[in-house]
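Just so you know, the sequence shown maps onto residues 84 to 309 in the numbering used here. Glycine residues also receive a C-beta, built at the ideal position from the N, C-alpha and C atoms. As the structure is a computational prediction, the values presented were derived from the model and not from experiment.
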Amino acid sequence: MAPNNQREEVLTPQDVFDVRGYLLEYLPAELANQILDTLSTGPNLFKIESHDQGWGGEDSQGSWTWFEAAIVRDFKDEYSEGSDDEAKIRQALSIRERRSKRGPIGHWDIEIPPTQWFFGWFGSTTPTKGPTLITVKNPNMESDVWDIQRNARASREYRLHEVVWTRDLNEEVDEEAHFQATGSKLGVGFVRSLQAGDRIAVLARAQYPAWVNWVKSVDLEIYLSV
Numbered sequence: 084m085a086p087n088n089q090r091e092e093v094l095t096p097q098d099v100f101d102v103r104g105y106l107l108e109y110l111p112a113e114l115a116n117q118i119l120d121t122l123s124t125g126p127n128l129f130k131i132e133s134h135d136q137g138w139g140g141e142d143s144q145g146s147w148t149w150f151e152a153a154i155v156r157d158f159k160d161e162y163s164e165g166s167d168d169e170a171k172i173r174q175a176l177s178i179r180e181r182r183s184k185r186g187p188i189g190h191w192d193i194e195i196p197p198t199q200w201f202f203g204w205f206g207s208t209t210p211t212k213g214p215t216l217i218t219v220k221n222p223n224m225e226s227d228v229w230d231i232q233r234n235a236r237a238s239r240e241y242r243l244h245e246v247v248w249t250r251d252l253n254e255e256v257d258e259e260a261h262f263q264a265t266g267s268k269l270g271v272g273f274v275r276s277l278q279a280g281d282r283i284a285v286l287a288r289a290q291y292p293a294w295v296n297w298v299k300s301v302d303l304e305i306y307l308s309v
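The structure is reproduced here in C-alpha cells:
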C-alpha cells in the first residue's frame with residue numbers, strides 16, 4: 084500500500100510515450116530519458132492462444148509444447164539502419180536455437196552459456212557486418228529463458244492462457260504446485276531483470292517427433308508503475 088500522501092498508479096506504454104512528449108517540451112532529451120528511467124516495471128501480462136497436435140501421449144508424460152520468454156538487450160545494427168529490427172532479432176534467436184540443446188519444460192540442458200550473438204560468424208570476439216544483441220541470464224536457472232506456459236496435452240482446441248508476472252512475488256506461493264495446477268510459471272526474477280531499452284521475445288517450443296505447437300496469437304502487455 085502507498086502512504087496516504089502518495090499516489091500509486093500503473094502506466095501503460097502509451098502513457099509513458101505521452102509523458103515523454105510532455106517532458107521534451109521543457110527539457111532536453113537526455114534529462115527526459117533519465118526521468119523516465121526512474122519508473123519501475125510493473126506487472127507483465129502474457130496472452131497466448133494455442134494448442135498442441137491434439138493426440139498422443141499418456142497422462143504421465145505431460146506436455147511437450149510450451150512457451151518461453153527471453154530478454155533481449157543492447158540490440159545494435161550499425162551497418163544497415165532503417166531495416167526490420169524485429170526480423171533481425173528473430174534471425175539472431177534462431178541462430179541461438181540451433182546452437183543450444185533443450186530439455187522438457189523446467190529442465191534445460193544448455194550446451195553454451197548465454198552470451199553475445201552475432202550474425203555471420205557466430206561467437207566471434209569482434210562484430211561482423213550485422214546486428215548484435217545480448218540475451219539476459221535467468222538468475223534462477225542456467226539458462227537465458229523463463230518458462231511461461233505449457234499447452235494442454237493432446238487437445239486440438241485453441242485455449243487462451245493469461246499469465247501475469249509481477250515484480251514482487253508472494254513468498255508463500257509454491258511455484259511448483261502452481262505449475263502443476265495451471266501449466267504456467269511465475270517468472271521469478273524476470274520483471275526485476277528488465278531495464279530501459281530491453282525487448283521481450285516470446286519463444287514457441289515443441290520437442291520430440293510429431294509434437295507440434297500451434298499458435299493463434301501472442302499478446303504482451305507491459306505496465307510501468309510510479
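Going by CA-CA distance only, name the one from I118, W294, A153 and S238 that's closest to P222.
Within the sequence shown, the letter at position 139 stands for residue 222. The shortest C-alpha separation from P222 is found at A153.
Could you please give the first and the last residue of the uninterrupted alpha helix (DSSP H) stretch that includes V274?
As a working note, residue 274 is residue 191 in the sequence shown. Element bounds for V274: F273 to S276.
Please report how far the alpha carbon of W200 lies from the alpha carbon of I283, in whole angstroms.
Within the sequence shown, numbered from 1, the residue matching residue 200 stands at position 117. Within the sequence shown, numbered from 1, the residue matching residue 283 stands at position 200. Since pLDDT at W200 reaches only 39, below the 50 mark, its modelled position is unreliable, and no value is offered.
Delimiting residues of the alpha helix (DSSP H) encompassing A237:
Start at 1 with the first residue of the sequence shown, and residue 237 comes out as number 154. Element bounds for A237: n/a, residue is neither H nor E.
Consult DSSP for V155 and reduce its assignment to one of helix, strand or coil.
Translated into the one-based positions of the sequence shown, residue 155 becomes position 72. Strand.
What does the alpha-carbon distance come out to for the pair R275 and Q136?
Mapped onto the sequence shown, residue 275 falls at position 192. Mapped onto the sequence shown, residue 136 falls at position 53. Distance between the alpha carbons of R275 and Q136: 35 Å.
Could you give the distance in angstroms between the alpha-carbon of S300 and the alpha-carbon of D168?
If you number the sequence shown from 1, residue 300 lands on position 217. If you number the sequence shown from 1, residue 168 lands on position 85. Whole-angstrom Cα-Cα distance: 20 Å.
Just the Cα atoms here: how many angstroms apart are H134 and Y241?
To locate residue 134, count along the sequence shown from 1; it is residue 51. To locate residue 241, count along the sequence shown from 1; it is residue 158. C-alpha separation (whole angstroms): 5 Å.
Taking A287 as part of the beta strand (DSSP E), name the residues at either end of that continuous run.
The count along the sequence shown starts at 1 and reaches residue 287 at position 204. A287: member of the beta strand (DSSP E) spanning R282 to A289, first to last residue.
Between P111 and Y306, how many whole angstroms is the CB-CB distance? I'm expecting something under 8 Å.
In the sequence shown, counting from the first residue as 1, residue 111 sits at position 28. In the sequence shown, counting from the first residue as 1, residue 306 sits at position 223. At roughly 27 Å, the Cβ-Cβ gap does not stay under 8 Å, so P111 and Y306 are not in contact.
Grab me the residues of F158's own chain with a C-beta within less than 6 Å of its C-beta, minus the 5 sequence neighbours each way, in chain order.
Locating residue 158 in the sequence shown gives position 75, where the first residue counts as 1. Only L216 meet the Cβ criterion.
Reference L156, options R233, F150 and L277, closest by Cα
To locate residue 156, count along the sequence shown from 1; it is residue 73. Looking at the sequence itself, residue 156 is Arg, so the reference to Leu does not match. Measuring from the Cα of R156, the nearest candidate turns out to be L277.
How should P214 be labelled, buried or exposed, when 16 other C-beta atoms within 10 angstroms of its C-beta is the threshold for buried?
Residue mapping note: residue 214 aligns to position 131 of the sequence shown, counting from 1. Looking at its Cβ environment, which holds 16 or more other Cβ atoms inside 10 Å, P214 is buried.
Cβ neighbour criterion (16 or more within 10 Å) applied to Y291:
Position 208 of the sequence shown holds residue 291. Exposed, since its Cβ has fewer than 16 Cβ neighbours within 10 Å.
Using the Cβ count rule (16 or more neighbours within 10 Å means buried), how would you classify W138?
Locating residue 138 in the sequence shown gives position 55, where the first residue counts as 1. Flag for W138 reads exposed.
Please confirm whether V246 and L286 have their CB atoms less than 9 Å apart.
Working through the sequence shown from its first residue, we reach residue 246 at position 163. Working through the sequence shown from its first residue, we reach residue 286 at position 203. Result no, Cβ atoms of V246 and L286 do not sit closer than 9 Å.
Taking only the alpha-carbon atoms, compute the straight-line gap between S177 and E151 and give it to the nearest angstrom.
Walking along the sequence shown from the start, residue 177 turns up at place 94. Walking along the sequence shown from the start, residue 151 turns up at place 68. Taking the straight line from one Cα to the other gives about 14 Å.
According to DSSP, residues forming a beta bridge with I305
Locating residue 305 in the sequence shown gives position 222, where the first residue counts as 1. According to DSSP, I305 bridges with N127.
If contacts are defined as beta-carbon pairs under 8 Å, then R233 and S146 qualify, I think. What distance do you get, rounded to the angstrom?
What you label residue 233 is simply residue 150 of the sequence shown in a count that begins at 1. What you label residue 146 is simply residue 63 of the sequence shown in a count that begins at 1. Confirmed, Cβ separation roughly 4 Å.
So what does DSSP say about T218, is it helix, strand or coil?
Here residue 218 refers to the residue found at position 135 when the sequence shown is read from its first residue. DSSP, read as helix, strand or coil, puts T218 in strand.
Which residues mark the beginning and the end of the alpha helix (DSSP H) in which T265 is found?
On the sequence shown, position 182 is the one that residue 265 refers to. DSSP places T265 inside the alpha helix (DSSP H), whose first and last residues are E258 to T265.
What's the C-alpha gap between M224 and G104?
Translated into the one-based positions of the sequence shown, residue 224 becomes position 141. Translated into the one-based positions of the sequence shown, residue 104 becomes position 21. Cα to Cα, M224 sits roughly 39 Å from G104.
Could you name the residues that DSSP lists as bridge partners for V246?
Within the sequence shown, residue 246 is the residue found at index 163, counting from 1. The partner list for V246 (beta bridge, DSSP) reads F129.
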